[in-house]
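Novice:
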Amino acid sequence: MRRAVCPGSYDPATNGHLDIIERAAALFDEVVVAVLINKKKQGLFTIDERLDMLRKVTQGLPNVRVDSWHGLLVDYCREHDIAAIAKGLRSVSDFDYELQMAQMNRELSGVETLLMSNNPAYSFLSSSLVKEVATYGGDVTDMVPPIVHERLKAKLAEQS
Ligand code: PNS
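So this is what it looks like as structure tokens:
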């Protein structure tokens with residue numbers, strides 16, 4: 039069984055994330071979308087809310103499951119017999135950070151990282167920018183799956 043993990047904060051998932059998850063699902067027998075805590079980022083959605091949205095947006099992908107993890111990604115890979123980490127690359131600035139993490143993860147555990155070039159239509163997209171634009175009333179309809187758009191509007195309304 040060839041198994042990969044698509045890790046991230048997913049706060050919330052964007053169309054760019056979904057594109058990478060779908061493409062990873064076409065390459066591997068099973069893909070786990072794992073919500074991990076990025077201590078450098080302040081969260082808007084709870085982990086359970088992120089998991090729920092991810093489960094809904096990936097429900098049409100039979101070989102994809104969704105999970106969460108507190109700790110090192112390589113420990114998750116070891117525990118779940120995952121040999122590859124699949125991530126999207128939007129830009130050269132992403133590459134510096136992703137390469138460093140890929141090398142660290144390989145050094146720690148031998149797990150390989152597959153860096154997939156993002157669909158250029160989504161190269162400007164990030165969860166942080168989507169949240170910022172939505173906070174100030176900008177239109178993010180085409181940037182996130184419809185269920186995420188609904189939840190984002192509701193969450194921001196709750197907070198205002
Ligand atoms: O969506 P993000 O915030 O860019 O994802 C980054 C994430 C969560 C995948 C990364 O911070 C991570 O793997 N965190 C888990 C802790 C860990 O393993 N840190 C060492 C990375 S070399």
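Each step along the sequence shown adds one to the number in our numbering, with nothing skipped, and position 59 is 97.
Ideal Cβ placement from N, Cα and C applies to all residues, glycine included.
Remember, it's a predicted structure, so these values are computed and weren't measured experimentally.
Report yes or no: do three or more beta-carbon pairs, one from the segment 55 to 62 and one from the segment 188 to 195, lie closer than 8 Å?
Specialist: no
Novice: Out of curiosity, what's the CA-to-CA distance linking GLU188 and TYR174?
Specialist: As a first step, residue 188 must be located in the sequence shown, where it is residue number 150. As a first step, residue 174 must be located in the sequence shown, where it is residue number 136. Their backbone Cα atoms lie some 16 Å apart in a straight line.
Novice: Considering ILE123, what are the terminal residues of the beta strand (DSSP E) in which it resides?
Specialist: If you number the sequence shown from 1, residue 123 lands on position 85. Counting along the chain, the beta strand (DSSP E) containing ILE123 begins and ends at 122 to 127.
Novice: Would you check if the distance between the CB atom of MET91 and the CB atom of ALA51 is smaller than 8 Å?
Specialist: Sequence index remark: in the sequence shown, residue 91 carries index 53 (1-based). Sequence index remark: in the sequence shown, residue 51 carries index 13 (1-based). In contact: MET91 and ALA51 (Cβ atoms closer than 8 Å).
Novice: Kindly provide the chain-ordered list of residues whose Cβ lies closer than 5 Å to any non-hydrogen atom of the ligand PNS.
Specialist: PRO45, GLY46, SER47, LEU74, ASN76, LEU110, LEU111, MET139, MET142
Novice: Kindly indicate the opening and closing residues of the alpha helix (DSSP H) around ILE144.
Specialist: By one-based count along the sequence shown, residue 144 stands at place 106. It should be pointed out that residue 144 corresponds to Arg in this sequence rather than to Ile. Counting along the chain, the alpha helix (DSSP H) containing ARG144 begins and ends at 130 to 147.
Novice: Under 8 Å: do the segment 102 to 113 and the segment 137 to 150 share three or more Cβ pairs, one atom per stretch?
Specialist: yes
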